[in-house]
Amino acid sequence: MKRKKHYTTLQLGSSSLKPEGSGLWSVLCKACLISERHPATYQNFRSYPTVIAERQRHLTEGGLYVVHPFSCFSLVWDSVMAVVNVAHMIVSSLRLCYVLHPKGRPRIHAIDHVLFSLHLLCLIDVAVRFNIGYLEGKANVILRRPLIACHYLQSWFVVDLISSLPISYGLILNESEDMRLIMICHIMANIKAVRICKEINNIVTFLKISRLPYIYYGIVRNVILFLMVAHWCSCFIYIAPVLYFYWTGTMVQNYNSFLNSTDLKSYTITERYRRGIYISLSAFMGTGYSLNRVFEPLEVLIHAMLILVATLFMIYTLVHLLTLYFTKYHSVIRYHELMNQLEEYMRHKQFPAQLKKRVCAFYYYNFQGNYFREDLALNTLSEQLRNEIILHTCHKLLDKVELFNGLPASVVGSVLGCLRAEVYLPNDLVLRAGDIGDCMYFIANGSVAVYSLKGVEVCHLEDGAYFGEVALLMKDSKRVATVVAVEITQVYRLDAEDFRQFIMSNPVLYERIEAFASQRMHETVLLDEAFRRKREQLQERTLDLDKMDLK
Numbered sequence: 001m002k003r004k005k006h007y008t009t010l011q012l013g014s015s016s017l018k019p020e021g022s023g024l025w026s027v028l029c030k031a032c033l034i035s036e037r038h039p040a041t042y043q044n045f046r047s048y049p050t051v052i053a054e055r056q057r058h059l060t061e062g063g064l065y066v067v068h069p070f071s072c073f074s075l076v077w078d079s080v081m082a083v084v085n086v087a088h089m090i091v092s093s094l095r096l097c098y099v100l101h102p103k104g105r106p107r108i109h110a111i112d113h114v115l116f117s118l119h120l121l122c123l124i125d126v127a128v129r130f131n132i133g134y135l136e137g138k139a140n141v142i143l144r145r146p147l148i149a150c151h152y153l154q155s156w157f158v159v160d161l162i163s164s165l166p167i168s169y170g171l172i173l174n175e176s177e178d179m180r181l182i183m184i185c186h187i188m189a190n191i192k193a194v195r196i197c198k199e200i201n202n203i204v205t206f207l208k209i210s211r212l213p214y215i216y217y218g219i220v221r222n223v224i225l226f227l228m229v230a231h232w233c234s235c236f237i238y239i240a241p242v243l244y245f246y247w248t249g250t251m252v253q254n255y256n257s258f259l260n261s262t263d264l265k266s267y268t269i270t271e272r273y274r275r276g277i278y279i280s281l282s283a284f285m286g287t288g289y290s291l292n293r294v295f296e297p298l299e300v301l302i303h304a305m306l307i308l309v310a311t312l313f314m315i316y317t318l319v320h321l322l323t324l325y326f327t328k329y330h331s332v333i334r335y336h337e338l339m340n341q342l343e344e345y346m347r348h349k350q351f352p353a354q355l356k357k358r359v360c361a362f363y364y365y366n367f368q369g370n371y372f373r374e375d376l377a378l379n380t381l382s383e384q385l386r387n388e389i390i391l392h393t394c395h396k397l398l399d400k401v402e403l404f405n406g407l408p409a410s411v412v413g414s415v416l417g418c419l420r421a422e423v424y425l426p427n428d429l430v431l432r433a434g435d436i437g438d439c440m441y442f443i444a445n446g447s448v449a450v451y452s453l454k455g456v457e458v459c460h461l462e463d464g465a466y467f468g469e470v471a472l473l474m475k476d477s478k479r480v481a482t483v484v485a486v487e488i489t490q491v492y493r494l495d496a497e498d499f500r501q502f503i504m505s506n507p508v509l510y511e512r513i514e515a516f517a518s519q520r521m522h523e524t525v526l527l528d529e530a531f532r533r534k535r536e537q538l539q540e541r542t543l544d545l546d547k548m549d550l551k
């Protein structure tokens, strides 16, 4: 059943508390307030009235010059700055480990211009951070500017400021010859690497707008982290000769034996980076040391640390991948565990082969290779959601059963809400003639054979048919037919109490089902009568043949 969106008709004015107007300033002010579009809003504020109350508190405590952490502005700004900071981490490490100046003649490189632009953006971010609130605990957002400033100063301010100052760019631009100071400034820019996890979380938060399954966020997080760690490892390979060059102005000898020459300046940045990333990926795959034999103690130490980092990261990745796998295929694994337990149980009880086959067929049809507890899942839902799920799962049955044609949705929903699913294997007895009837059945999938009291096969019933209603309409409540499953058949059972409450109390339904039951009874009686006459004729022929034999 399709749900309709609610549109209010009450003339109460705007309750969103957003600034009115369509100018740039008004749009910016609206973007700074808490928004329902932020993925974390309804994780901390469970209803729209609480969002409105938070918006009112924002205007009272912080005013329009403070940005709410769950606002559209904060979401976009954090996402953009996450990309900028990741780019800053990549470029700053490239600048430190791959760009080498001739001795005493430092000059501006193309990477310096890119890094300077990133420095400026990061400095702007430092200023903006003093105006963005933060979450303390659960659903407790701090919006007072003094508290925001104090919190930022105690957390990321020092790291952000030190790593964002373009001091090295100014020194090189002023033709400073102090290589050691330039090296220290380049190292300061790389301090931002400690923010990598926070920036990845900001990227994942932005991706949550698409409402993808959890597994995709984990994949994105690990892919970004893997690329960054591989890049840093490729830079770390050259860190010892680079630092030695900055400190002494000369290139260390007998280092980088994996290159044809130990003089790093004789290779382009692309050649060195390609070789460095190759060695890093080799370390991740467990072949690093065997492919690149090194002999210098410092170089051995660098490669050992590289292999250690790569091994730890691959262990972390493997654990995460296993977690994702078990999360995604948990129901399949539980199904196979259940089937293994069932096999052991049947082996212990010495089930015959035919019975084993029937039990396995029942479980496979019932679970389709995925084990789940339907009762536990449904019990956590509201009654409205449970009814919608029942209507959805029974919609094919609803289309097939002519009994429900033209009836109000409320009546049909009441009946469907009382149905209980059952599965019968081939040759299973569903009903026996002469038994007391306490329910009727609707066929969802499969087919059954109907036999009269005298054992005459009356008909086959298939998808959408129903049976067992005759006994519920008769005073003695006795079954007038035997029903046997022809193939694996899924039926929905309606108990006698629910039958009397929802079907017999509805005139249209009662009239339809009574007419159909009368027709079935008439056809069954005719078939039984024809079978009786045929049997009497056969008996008479047998007697005549016996008399002729006697004569």
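Each residue of the sequence shown is one higher than the one before, starting from 1 at the first, in UniProt numbering.
We treat Cβ as the ideally placed atom computed from N, Cα and C, and that holds for glycine.
All of these numbers come straight from a predicted model, not from anything done at the bench.
(message) Does the structure place the region 379 to 389 close enough to the region 443 to 458 that three or more beta carbon pairs sit under 8 Å?
(response) Flag = no, the region 443 to 458 and the region 379 to 389 do not touch.
(request) Assign M1 to one of three DSSP states: helix, strand, or coil. (result) Model confidence at M1 stands at a pLDDT of 44, short of 50, so the residue's coordinates are unreliable and nothing is read from them.
(request) Quickly, what does DSSP pair F467 with across the bridge? List them, please. (result) In the DSSP output, where bridge partners are listed per residue, F467 has Y441.
(message) I'd like the ranges of any beta strand (DSSP E) spanning at least 3 consecutive residues and lying wholly in the UniProt domain "Cyclic nucleotide-binding" (403 to 520).
(response) Taken in chain order, the complete beta strand (DSSP E) segments of 3 residues or longer contained in the UniProt domain "Cyclic nucleotide-binding" (403 to 520) are 420 to 424, 429 to 431, 439 to 445, 448 to 451, 457 to 461, 482 to 485 and 489 to 495.
(request) List the DSSP bridge partners of S176. (result) Answer is none; S176 lacks a bridge partner.
(request) With a threshold of 16 other CB atoms inside 10 Å of the CB of R541, please say whether the residue is buried or exposed. (result) With a threshold of 16 other beta carbon atoms within 10 Å, R541 falls short and is exposed.
(request) Say yes only if the C-beta of V508 is nearer than 7 Å to one or more non-hydrogen atoms of the ligand MG, and no if none qualify. (result) Questions concerning the ligand MG fall outside what the structure shown contains, since it holds no ligand whatsoever.
(message) So within the region 330 to 413, which uninterrupted alpha helix (DSSP H) runs reach at least 4 residues, ignoring any that extend past its ends?
(response) If we require 4 residues or more, the alpha helix (DSSP H) runs fully inside the region 330 to 413 come out as 330 to 348, 353 to 367, 374 to 379, 383 to 393 and 395 to 400.
(message) Here's the rule I'm using: 16 or more other beta-carbon atoms within 10 Å means buried, otherwise exposed. How should C197 be labelled?
(response) Around the CB of C197, fewer than 16 other CB atoms lie within 10 Å, so the residue is classed as exposed.
(request) Confirm, please, whether the CB-CB distance from I90 to H231 is below 8 Å. (result) Going by C-beta atoms, H231 is nearer than 8 Å to I90.
(request) Could you name the residues of the same chain whose beta carbon sits closer than 6 Å to that of K2, not counting the 5 residues immediately before and after it, in chain order? (result) Note that K2 scores a pLDDT of 49, beneath 50, so its modelled location is shaky; the value from the coordinates is reported in the next line. So no residue of the chain qualifies.
(request) Grab me the residues of Q432's own chain with a C-beta within less than 6 Å of its C-beta, minus the 5 sequence neighbours each way, in chain order. (result) The amino acid at residue 432 is misidentified as Gln; the sequence shows Arg. Excluding residues within five positions, the ones whose Cβ falls inside 6 Å are T482.
(request) Take V220 as the anchor and find which of L207, V229 and F499 has the nearest alpha-carbon. (result) Of the candidates L207, V229 and F499, the one whose C-alpha sits nearest the C-alpha of V220 is L207.
(request) Please work out which residues of its chain come closer than 7 Å, Cβ to Cβ, to F404, disregarding the five sequence neighbours upstream and downstream, and give them in chain order. (result) Listed in chain order, the non-local C-beta contacts of F404 below 7 Å within the same chain comprise L398 and V412, local neighbours out to five positions each way being set aside.
(request) Pull up the distance between the alpha-carbon of I224 and that of A40, whole angstroms please. (result) Roughly 22 Å between the two C-alpha positions.
(request) Return the first residue and the last residue of the alpha helix (DSSP H) that R57 is part of. (result) Membership of R57 in the alpha helix (DSSP H) is indicated by the continuous run Y48 to E61.
(request) Could I get the ranges of all uninterrupted alpha helix (DSSP H) runs contained in the region 144 to 208, with 4 residues as the minimum, in chain order? (result) Runs of the alpha helix (DSSP H) lying entirely within the region 144 to 208, each at least 4 residues long, are 145 to 154, 157 to 164, 167 to 173, 179 to 189 and 196 to 207 in chain order.
(request) Assign R180 to one of two classes, buried (16 or more other C-beta atoms within 10 Å of its C-beta) or exposed (fewer than that). (result) Per the 10 Å Cβ criterion, exposed.
(message) If I measure Cβ to Cβ from Y365 and keep anything under 7 Å in the same chain, skipping five residues before and after, which residues do I get?
(response) These residues qualify, in order along the chain: V423 and I488.
(message) Under DSSP, the alpha helix (DSSP H) around S210 begins and ends at which residues?
(response) Neither: S210 is in no alpha helix (DSSP H) and is coded neither H nor E.
(request) Would you mind sorting Y169 into buried or exposed? The rule is 16 or more other CB atoms within 10 Å of its CB. (result) Label assigned to Y169: buried.
(request) Please classify Y325: does DSSP put it in a helix, a strand, or coil? (result) Three-state DSSP puts Y325 in a helix.
(request) Rounded to whole angstroms, what's the CA-CA distance from D112 to Y152? Just pull it up for me. (result) Their backbone Cα atoms lie some 28 Å apart in a straight line.
(request) State the DSSP-derived secondary structure class of S234, mapped to helix, strand or coil. (result) Here S234 sits in helix by DSSP.
(request) Could you give the DSSP three-state label for Y246: helix, strand or coil? (result) Reduced to three states, the DSSP call for Y246 is helix.
(message) With the cut-off set at 8 Å, would you say L494 and C394 are in Cβ contact?
(response) No. Outside cutoff.
(request) In angstroms with no decimal places, state the Cα-to-Cα distance between F326 and F367. (result) Their Cα atoms are separated by approximately 18 Å.
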